[in-house]
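Undergrad: Below is a structure I'd like to ask you about.
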Amino acid sequence: MPVSGTTGTFPVQRSDPAFQIDRNPNSIRAQELAIELPAAPRAAPQPSCVPMGPIGITLDGVLLFNALDDGGRDAVAHEVQDRCNGHPEREGRYHYHGPSPCLPGIREPEAVIGFAFDGFPITGLVSTDGREHSNADLDECHGREDAVRVDGKLVRTYHYAMTREYPYTVGCFRGTPVSLGGGTSAREPMGGERRGPMPPREAVQACEGRGAQAPCGFVSPRGDEIRGICGEPVPGVVACLPGGGRRGF
Numbered sequence: 000m001p002v003s004g005t006t007g008t009f010p011v012q013r014s015d016p017a018f019q020i021d022r023n024p025n026s027i028r029a030q031e032l033a034i035e036l037p038a039a040p041r042a043a044p045q046p047s048c049v050p051m052g053p054i055g056i057t058l059d060g061v062l063l064f065n066a067l068d069d070g071g072r073d074a075v076a077h078e079v080q081d082r083c084n085g086h087p088e089r090e091g092r093y094h095y096h097g098p099s100p101c102l103p104g105i106r107e108p109e110a111v112i113g114f115a116f117d118g119f120p121i122t123g124l125v126s127t128d129g130r131e132h133s134n135a136d137l138d139e140c141h142g143r144e145d146a147v148r149v150d151g152k153l154v155r156t157y158h159y160a161m162t163r164e165y166p167y168t169v170g171c172f173r174g175t176p177v178s179l180g181g182g183t184s185a186r187e188p189m190g191g192e193r194r195g196p197m198p199p200r201e202a203v204q205a206c207e208g209r210g211a212q213a214p215c216g217f218v219s220p221r222g223d224e225i226r227g228i229c230g231e232p233v234p235g236v237v238a239c240l241p242g243g244g245r246r247g248f
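The sequence shown stops at residue 248 when you use numbering that gives the first Met the number 0, and every number in between is there.
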């Protein structure tokens, strides 16, 4: 939950016009999260891929998720968010996928608005010269080395920067990330063989005990009724594929 500002009403109600676009059935649930970040982060020998789900946290207490939804699509473009550009997932964790107008310092030059799970800071939309960051200003991980204000002091360090362009916050981890519970989290190095986006839990459950090509159905996280056949969208994972085998949830 954000420390300041308010959230929208979730689940999305049938009376809300947004219901026709994204039927988010999840409720926001207050919960305690333990995150221990390195105080002096270092660059890893090579960048690593960000996972699905949480990749950082803002100073306002809201989790930052990566730029994708469950179907591997641009979440900012495809999912309904409230006026703070946030929404909850199935565990009730309210989060952002991109920049939020409710974040303190979002438009202050090089102001730190949060930290990625590798310990490197994340700054807002505006650079030291007063311009908004663009992807062209940043490296492959959506960051650069510059002077940023940390604990009231200007410190020259590598940092990620928010933009209005995909992937919005962190494109890959420059350092070694930790998990939500603390401790090092192993991440796949950049350039290795990647599995595609994991299908929703509901799609996997729909094919439990069923063979390949068996008919199946489930209700998606957005509230849509899906019919299809069982297949293997990700190696080793059997799930209900909508539309007769086409991937995408």
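Backbone N, C-alpha and C define an ideal beta-carbon position, used for all residues, glycine too. Bear in mind that the values here come from a model prediction, so they are computed numbers and not experimental data.
Going by DSSP, what residue range makes up the alpha helix (DSSP H) through alanine 74?
TA: Alanine 74 -> alpha helix (DSSP H) spans 74–77.
Undergrad: Examine the ligand HEM and report whether any of its heavy atoms sits within less than 7 Å of the Cβ of aspartate 150.
TA: This structure lacks the ligand HEM, and indeed carries no ligand of any kind.
Undergrad: Using DSSP with H/G/I as helix, E/B as strand and the rest coil, what is glutamine 45?
TA: Residue state, collapsed to three classes: strand.
Undergrad: Give me the Cα-Cα distance between valine 61 and glycine 70, rounded to the nearest whole angstrom.
TA: Straight-line Cα distance between these residues: approximately 23 Å.
Undergrad: With a CB to CB cut of under 7 Å and the five nearest residues on each side skipped, what residues in its chain are close to phenylalanine 114?
TA: Cβ neighbours of phenylalanine 114 beyond the five flanking positions: Leu36, Gly55, Ile56, Pro120, Ile121.
Undergrad: Quick check on this structure: which residue in Gly216, Asp145, Val169 has the alpha carbon closest to the alpha carbon of phenylalanine 64?
TA: Checked all of Gly216, Asp145, Val169; the closest Cα to phenylalanine 64 is Val169.
Undergrad: Using a Cβ-Cβ cutoff of less than 6 Å, which residues in the same chain neighbour alanine 238 once the five nearest sequence positions on both sides are dropped?
TA: So the qualifying residues of the chain are Pro198, Ala202, Val203, Cys206, Pro232.
Undergrad: In three-state terms, what does DSSP make of alanine 202?
TA: Looking at alanine 202 - three-state DSSP - the assignment turns out to be helix.
Undergrad: Do you know offhand how far glycine 151's Cα is from arginine 209's?
TA: Cα to Cα, glycine 151 sits roughly 58 Å from arginine 209.
Undergrad: How many Å lie between arginine 106 and asparagine 84 at the Cα?
TA: One C-alpha to the other measures close to 15 Å.
Undergrad: Tell me the residue span of the beta strand (DSSP E) that contains aspartate 145.
TA: From DSSP, the beta strand (DSSP E) with aspartate 145 extends over 142–149.
Undergrad: With which residues is glycine 174 paired in a DSSP beta bridge?
TA: According to DSSP, which records beta bridges pairwise, glycine 174 is partnered with Ala42.
Undergrad: Using C-beta distances below 6 Å, list every residue in its chain close to glutamine 80, excluding the 5 sequence neighbours before and after it, in chain order.
TA: For glutamine 80, where only same-chain residues beyond five positions count, the Cβ hits under 6 Å are His86.
Undergrad: Reducing DSSP to helix, strand and coil, say where proline 98 ends up.
TA: Coil at proline 98, not helix or strand.
Undergrad: What's the call for valine 250, buried or exposed, on a 16-neighbour Cβ count within 10 Å?
TA: Nothing can be reported for residue 250, as the shown portion of the chain is limited to 0 through 248.
Undergrad: Which one of Ala43, Val149, Pro98 has the shortest CA to CA distance from arginine 173?
TA: Closest option to arginine 173, Cα to Cα, is Ala43.
Undergrad: Grab me the residues of glutamine 212's own chain with a C-beta within less than 7 Å of its C-beta, minus the 5 sequence neighbours each way, in chain order.
TA: Here the set comprises Ile228, Cys229.
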